[in-house]
Amino acid sequence: MRRRKIPIITKKIVSSVIITGFLLCTVISIAGYWSFTTQFKNQYDTSVLSICTTVRENLNAEKLTYYGRQKTPDAEYEATREVLQDFVDKFDLNLLYVSIVEPPEYSHITYVFNPVKKGGKWKEFPIGYEEDYKNEQYSASIKRVYENGETLVRHTFNTRSGSHITANVPVYDKSGTVIAVVGTQKPVQEFVNARHSYLKLILIAEIIFAVAFIFVFGSYFNTNFISPVMMITRETDHFASWGGEPSDNLLHIKNRDELGILAHSVHQMENDVCRNIKELTKVTAEKERISTELNLAAKIQLDALPSGYPPFPDRKDFDLFATMTPAKEVGGDLYDYMLLDDDHIMLVVGDVSGKGVPAALFMMTAKTLISSYAEQGLPPKEIFERTNNQLCKGNEENLFVTCWLGILTFSTGELKYVNAGHPFPVLYQKESFSFLSEKPNFVLGGMEGLPYQEHSVTLSAGDRIFVYTDGVTEATDSGNKLFGDNRLLSAVQGTQNMNAPDTLTHIKNKIDEFVGETDQFDDITMLQFIMKNDDAKGAED
């Protein structure tokens with residue numbers, strides 16, 4: 126059976142807590158050790174200094190120099206020595222001494238009294254015993270006692286003679302001069318042992334605390350934190366990796382805290398995601414269906430518009446080509462051309478308000494009406510008047526069409542046209558380009574019963590007319606500037622020797638250069654008609 130791995134987060138958190146606990150215990154132990162040591166030292170310092178002071182009070186200071194010089198004890202000396210020995214025995218001193226140290230080196234010592242612990246390893250010096258003790262630290266300490274009257278305490282640990290504490294106090298004569306030094310040495314092994322016992326106790330307590338903490342805290346932490354977190358992690362990882370319906374495992378987390386809120390929020394989020402995925406799948410399928418239908422509609426729309434070049438291969442007396450580039454899948458622009466008979470041709474370009482399918486349907490209606498009335502041999506103004514009245518009926522969406530319609534008579538060159546709110550066409554005549562800019566009529570479908578005014582112009586061989594929708598002049602660049610009429614006139618310059626398709630390609634390239642990467646927001650429709658020499662039709666006939 127595979128052993129269950131401990132989660133990484135468990136390792137990190139428990140390890141961090143244990144390390145922090147050990148550091149805290151260590152700091153507390155060091156502080157306790159320092160406090161314990163300080164209190165013990167203070168007690169020992171006070172004790173040995175008190176002993177030294179008491180010894181000094183039991184001395185006859187005036188006879189110390191005499192004893193040191195004569196080296197002969199008397200009854201008083203012996204009585205005093207017994208008292209000092211009693212101090213050694215009662216206070217468990219290693220030794221006690223009263224000595225005279227000669228300045229200025231403070232290294233020559235004469236011992237007056239020197240009782241030691243009975244049975245100890247120290248040997249008592251007799252009265253008047255002299256020695257030269259060459260120790261700079263000792264000489265410096267004794268100098269401070271003699272010259273400054275200081276009381277000193279020294280601590281010595283882990284030496285060959287053991288651990289002990291030494292105290293020195295000055296002995297004064299009647300004139301207040303320091304004449305001798307009282308010194309005591311007390312063993313502190315008990316203190317050292319107590320410190321070691323304290324350290325062992327702290328170490329054992331830390332280990333017990335750590336082990337108990339690992340089990341108690343680990344169990345509590347695993348139940349109330351790690352297990353819920355791991356369950357949330359596994360559930361979210363499984364949901365992210367495999368998807369599907371979320372399980373109810375997270376509902377088993379009963380924590381009344383942020384983890385419980387998180388678990389229920391994640392469960393709710395998973396259900397919301399599943400629901401959104403289903404809705405998105407449904408919407409995507411619907412969008413794909415609509416996209417397919419729009420593509421089909423666009424194809425139907427394009428099929429309904431005349432295409433192919435040349436449009437009338439048997440006719441050499443004119444050149445004609447038109448294009449439409451919709452801003453959406455289906456557009457609202459329209460164009461049409463049709464030979465009504467051998468001597469007449471109809472040219473139409475229009476732009477329906479709005480975009481998309483409604484505009485496309487309205488466009489198809491307008492195109493059908495115009496073509497139908499044109500085939501009946503009606504003049505342009507009457508075609509528009511009848512078309513306008515029909516478009517106004519049942520126009521609940523309030524759509525309208527800007528439109529330009531022209532009917533050319535080849536035999537005379539007369540082009541009769543009507544402009545229903547449409548941009549002015551560009552006419553090339555007498556070697557110059559200009560707008561065909563009579564006052565336009567009202568749009569089609571805007572108001573029923575309106576009259577439309579008709580205009581005419583005579584075309585000769587080489588004359589050209591360029592009809593377009595406002596998607597050309599209102600093409601916008603990234604700086605929100607319009608292509609405009611002036612740029613259109615500049616774009617058509619030099620096209621007088623091009624055929625109809627090349628002319629439209631040239632103008633479209635100019636528009637694309639102007640707008641750059643900006644998205645097209647309106648349909649672009651263009652129609653170019655070129656009148657050729659009169660002999661072309663005659664040669665055909």
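With positions in the sequence shown counted from 1, the corresponding number in the working numbering is that position plus 125. C-beta: ideal position from N, C-alpha, C; glycine also. Note that this is a predicted model, so its numbers are computed, not measured.
query, result
"Helix, strand or coil at Y158 [DSSP, three-state]", "helix"
"Distance, K506 Cα to Q618 Cα", "31 angstroms"
"Reference G193, options I225, V180 and A200, closest by Cα", "I225"
"Cβ neighbours of G154 in the same chain (closer than 7 angstroms, five flanking residues each side left out)", "In the sequence as displayed, the identity of residue 154 is Ser instead of Gly. The answer, listed in chain order, is I327."
"With 16 other Cβ atoms within 10 Å as the buried cut-off, status of Y222", "buried"
"A410: CB within 6 angstroms of a non-hydrogen atom of the ligand COA", "Within the structure as shown, the ligand COA is missing, as the structure has no ligands at all."
"Secondary structure of R612, DSSP reduced to three states", "helix"
"Straight-line gap, E187 to Y231 (C-alpha atoms, nearest Å)", "21 angstroms"
"Neighbourhood of F639 by C-beta, 7 angstroms cutoff - its chain only, sequence neighbours within 5 removed", "A600, D602, F608 and R612"
"C-alpha distance - G157 paired with F147, whole-angstrom precision", "15 angstroms"
"Inter-residue Cα distance where the pair is M656 and E404", "58 angstroms"
"Length at least 4, wholly inside the segment 489–551: the alpha helix (DSSP H) runs in chain order", "505–517"
"Cβ-Cβ distance between V296 and R181 below 7 angstroms", "yes"
"Backbone secondary structure at S140 - three-state DSSP", "helix"
"Cβ separation of V526 and D476, assumed to be a contact under 8 angstroms, to the nearest whole Å", "7 angstroms"
"Residue ranges of each beta strand (DSSP E) within the segment 552–594, 3 or longer", "557–560, 580–583 and 589–593"
"Whole beta strand (DSSP E) elements within the segment 217–241, 3-residue minimum", "220–227 and 233–238"
"Chain D contact for G502 (CB, 7 angstroms cutoff)", "No chain D appears in this structure, which consists of one protein chain only."
"Own chain, CB closer than 6 angstroms to L584, minus 5 neighbours either side, in chain order", "G538, L540 and M656"
"Where the beta strand (DSSP E) containing E255 begins and where it ends", "Y254 to D257"
"Cβ distance (whole Å) where N293 is taken to contact V270 below 8 angstroms", "5 angstroms"
"Proximal residues to R279 (C-beta, below 6 angstroms), its chain only, five neighbours per side dropped", "T291"
"L387 - DSSP class collapsed to helix/strand/coil", "helix"
"Nonlocal neighbours in the same chain, by C-beta distance under 6 angstroms from Q310, ignoring five residues either side", "N219, L220, H289 and T291"
"For Y462, the three-state DSSP class (helix, strand or coil)", "strand"
"With 16 other Cβ atoms within 10 Å as the buried cut-off, status of T151", "exposed"
"Host beta strand (DSSP E) of V473 (start-end)", "H469 to V477"
"Given 8 angstroms, three or more beta-carbon pairs between the segment 440–448 and the segment 490–508", "no"
"V592 to L652 span [Cα, whole Å]", "5 angstroms"
"DSSP three-state assignment for V152, whether helix, strand or coil", "helix"
"Sequence-distant residues of the same chain with beta carbon closer than 8 angstroms to L174, five excluded per side", "T276, V278, A292 and V294"
"Inter-residue CB distance, L569 and T512 (contact presumed, cutoff 8 angstroms)", "6 angstroms"
"Beta-carbon gap between T630 and M449 smaller than 7 angstroms", "no"
"Cβ shell of F535 (< 6 angstroms), same chain only, five flanking positions each side left out", "D468"
"F549 versus W529, G253, L445 and L184, residue with shortest Cα-Cα distance", "W529"
"Distance between S615 and I632 (C-alpha atoms, nearest Å)", "10 angstroms"
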